[in-house]
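In my numbering, the protein residues as written are 2 to 144.
Written below as structure tokens is the structure these notes are about.
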């Protein structure tokens with residue numbers, strides 16, 4: 002899966018039960034966003050509204066995300082235990098990373114393309130976690 006490139010379910014080579022569709026993500030609190038584009042800061046500026054995540058980082062990674070555009074004060078991230086972004090990539094939205102994070106101890110809830118839900122442990126092998134996010138037949142998960 003990638004930006005602006007949908008994949009029909011029939012083309013998911015690993016099968017819909019092994020391919021991630023979405024996973025939990027922590028969001029910023031609602032802010033007074035006078036300079037935003039018409040919605041809560043989390044939804045519009047940094048995709049921290051949960052509509053975007055990558056598997057570049059493991060679940061609940063303490064490493065901060067890479068974001069584009071604006072960064073809010075650290076206290077807003079700290080309010081929800083979100084690591085401070087480590088890099089701002091200007092307007093380059095293709096360089097963003099948003100790790101899947103939750104308040105569940107030990108992992109995150111994730112939904113597969115068949116609608117099934119699973120708990121993914123923070124300790125998952127990073128190669129396996131990344132493979133679960135592709136529809137290209139690279140899934141290393143065990144039956």
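All C-beta atoms, glycine included, are put in the ideal place defined by N, C-alpha and C.
Source: prediction; values computed, not measured.
Cβ neighbour criterion (16 or more within 10 Å) applied to residue i
{"i": "residue 106", "result": "exposed"}
{"i": "residue 124", "result": "exposed"}
{"i": "residue 86", "result": "buried"}
{"i": "residue 108", "result": "buried"}
{"i": "residue 40", "result": "Here residue 40 scores only 49 on pLDDT, less than 50, and its place in the model is too uncertain to base an answer on."}
Contact check, residue i vs residue j, beta carbons under 8 Å
{"i": "residue 126", "j": "residue 18", "result": "no"}
{"i": "residue 64", "j": "residue 97", "result": "no"}
{"i": "residue 25", "j": "residue 101", "result": "yes"}
{"i": "residue 27", "j": "residue 82", "result": "yes"}
{"i": "residue 132", "j": "residue 13", "result": "no"}
Nearest to residue i (by Cα), restricted to the options the options
{"i": "residue 61", "options": "132, 118, 110 and 10", "result": "110"}
{"i": "residue 128", "options": "28, 55 and 11", "result": "55"}
{"i": "residue 53", "options": "137, 75, 9 and 21", "result": "21"}
{"i": "residue 103", "options": "15, 137 and 59", "result": "59"}
{"i": "residue 119", "options": "11, 16 and 23", "result": "23"}
Residue span of the alpha helix (DSSP H) that contains residue i, given as start and end
{"i": "residue 128", "result": "127-133"}
{"i": "residue 75", "result": "75-79"}
Test: residue i CB closer than 8 Å to a CB of chain B
{"i": "residue 76", "result": "Structure shown: chain B not included; a single protein chain is present."}
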